[in-house]
Structures are given as C-alpha cells and as structure tokens.
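In what follows, a structure is listed as structure tokens, so that the remarks can point back to it.
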Amino acid sequence: MHYKRVSEYVSTINYGDKMIVRKYAVVKSKVNVFNGGENVEVPSFGIEISEQVIVENTIEKEFGDAVVHISPYKDKVEALARKFCDEDLSPLHLSDIIDDVYFEYIADYDEYAKECKIAI
C-alpha cells in the first residue's frame, strides 16, 4: 500500500530510565469507490502510529500500525489523530479503536463520490 504522510503529532512519555516516543501521522492515499455504474477515484486519509522505546539514547523497541482508509475528509482524520495523540493511544490498540468507530466514517466515501459525480 502506497501512502504519504501529510501531518504528524508527537507524544513523549518518560517512565524511569525509559522514554516512549509515539508519532501519530495522518496519511494520504487514493481509493476507488463504485458510484452509479462507474468507479470514482477519491482521496483517502488514514492514521499511522509508530512507537519507539528509548533507553539511554538507544532505541530498544520500535513498532507501529496503520489504518490507511478512514475517510476522504482530511479534517475528520486530523481530529481523530489529535484525539489519539492527546489520549496517548498505543499502536497496539489502533485497529481495535478504528473498528469501534468504523461506521461513523465509512459512509464518507459514498458521500464524497456523489459530490464528485455532481461536480462532473
């Protein structure tokens, strides 16, 4: 899956001699949505969360997760990324949380595709 990062938020937590750095990136790609007998290519924004565990200036662990198709509306995904950063969401929980809010966002693709068709 090809995508690019369009914005990023960073959270840093200190636990004794460990420092945890989490980066919450809004990513952009494209997706085809079937609309009224034709495929419409629409932008798709998602979230990538990466985490580094640093001990004595050395990266001990590094991992992450991404959900690249959340909504075609960047502002909605930006708000979600900021919320995840504020709540310090671990990348281990990203997919579970997105599964819980999936239905709030999935209809955005159909709505966006209809707007594109009207504009054409």
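When we follow my numbering, the leftmost residue of the sequence shown carries the number 35, and every step to the right adds one.
Idealized CB from N, CA, C, for every residue including glycine.
Nearest-angstrom beta carbon gap, residue j and residue i [assumed within contact, 8 angstroms]
| i | j | result |
| --- | --- | --- |
| Ile104 | Phe79 | 6 angstroms |
| Pro125 | Ile88 | That belief does not hold up - the Cβ atoms of Pro125 and Ile88 are roughly 16 angstroms apart, past 8 angstroms. |
| Val101 | Leu128 | 6 angstroms |
Any C-beta of chain C under 9 angstroms from that of residue i
| i | result |
| --- | --- |
| Lys95 | Looking for chain C here will not work: only one protein chain is present. |
Separation of residue j from residue i, as counted between CA atoms
| i | j | result |
| --- | --- | --- |
| Val65 | Glu75 | 6 angstroms |
| Glu121 | Phe137 | 21 angstroms |
| Gly70 | Tyr107 | 21 angstroms |
Extent of the continuous beta strand (DSSP E) run through residue i
| i | result |
| --- | --- |
| Ile81 | 72-89 |
| Asp99 | 92-105 |
Same chain, Cβ closer than 6 angstroms to residue i, five either side skipped, listed in chain order
| i | result |
| --- | --- |
| Arg39 | Ala59, Val61 |
Element boundaries [alpha helix (DSSP H), containing residue i]
| i | result |
| --- | --- |
| Glu138 | 128-139 |
Other residues of its chain near residue i: CB distance less than 7 angstroms, five sequence neighbours each side excluded
| i | result |
| --- | --- |
| Lys7 | Lying before the first or after the last residue shown, residue 7 is absent from the chain, which here runs from 35 to 154. |
Per DSSP, cross-strand counterpart(s) of residue i
| i | result |
| --- | --- |
| Val61 | Arg39, Gly80 |
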